[in-house]
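Accompanying notes for the structure given below.
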């Protein structure tokens, strides 16, 4: 298992998943989906990485898609919690937006393996499961949009298209999971600071 996947498990991302065998399958699936893609990964691949037989997998998850839904659900709950926690720290709209971007970017860098699966394998979800995840994504969008709207109302931001700008901000943050490498020259914190500055300039924040 990759170091990042181990770190994700150790920091409690999957702590609510039980029993231990189910949790092992989830962490193995994260690694496999990130490395090979959802469609190229078999249940045998996942079970093997978890040190289990393919038959044992079906005791906990009826399908490969159920595993993906579990991963996506946990990932999106974490992402929403990160955004809300950063926003709840308060401050001016610029301070709140910068804090949210730093936290959101840092999570996508530190947990890039998980985030890559959470953000880029949505199309593989069933229609029912996608509907649930899409609702969570709208909550994240609404949280960021509310900060930008506050900035526009107060005159702190110059944003002609709030919805489009919200989408651009979130896309910028999420894309970190696609290209980030621990071997790169910037740390997750440094990338978070860089992107916070970029976003503040994007919204026309005074002094940015």
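Numbering (my numbering), first residue to last: 958 to 1165. Note that beta-carbon positions come from the ideal geometry of N, C-alpha and C, so glycine has one too. Fair warning: this is a prediction, and the values are worked out from it, not measured in the lab.
Exercise for the section: Measure the C-alpha to C-alpha separation of residue 987 and residue 1078 and round it to an integer number of angstroms. Expected result: 11 Å
Problem - alpha helix (DSSP H) segment containing residue 1017, residue limits - result: 1011 to 1017
Problem - Per-residue burial, residue 973 [other beta carbons within 10 Å of its own, 16 or more giving buried] - result: exposed
Handout entry: Simplified DSSP assignment, three categories, for residue 1114
Key = coil
Practice task
Decide yes or no for the touch test of the stretch 1141 to 1154 against the stretch 1085 to 1097: beta carbon pairs closer than 8 Å, at least 3 of them.
Solution key: no
Handout entry: residue 987 - DSSP class collapsed to helix/strand/coil
Key = helix
Practice task
Mind checking which residues open and close the alpha helix (DSSP H) that includes residue 947?
Solution key: The question about residue 947 has no answer, for the chain in this structure spans 958 to 1165.
Handout entry: CA-to-CA distance, residue 1032 to residue 1136, given in whole angstroms
Key = 18 Å
Handout entry: residue 976 versus residue 1016 - alpha carbon distance
Key = 11 Å
Exercise for the section: With residue 1120 as the anchor, note down where its alpha helix (DSSP H) starts and where it stops. Expected result: 1119 to 1131
Problem - Counted within 10 angstroms of its Cβ, other Cβ atoms place residue 1070 as buried (16 or more) or exposed - result: buried
Exercise for the section: Grab me the residues of residue 1096's own chain with a C-beta within less than 7 Å of its C-beta, minus the 5 sequence neighbours each way, in chain order. Expected result: 1037
Handout entry: C-beta atoms of residue 1113 and residue 1153 nearer than 7 Å
Key = no
Problem - Candidates 1098, 1134, 1162 and 1145, of which the one nearest residue 1044 by Cα - result: 1098
Problem - Cβ-Cβ separation, residue 1102 to residue 1120 (assumed contact under 8 Å), whole Å - result: 7 Å
Exercise for the section: Quick one: give me the first and last residue of the alpha helix (DSSP H) that residue 971 is part of. Expected result: Careful: residue 971 lies outside any alpha helix (DSSP H) and carries neither H nor E.
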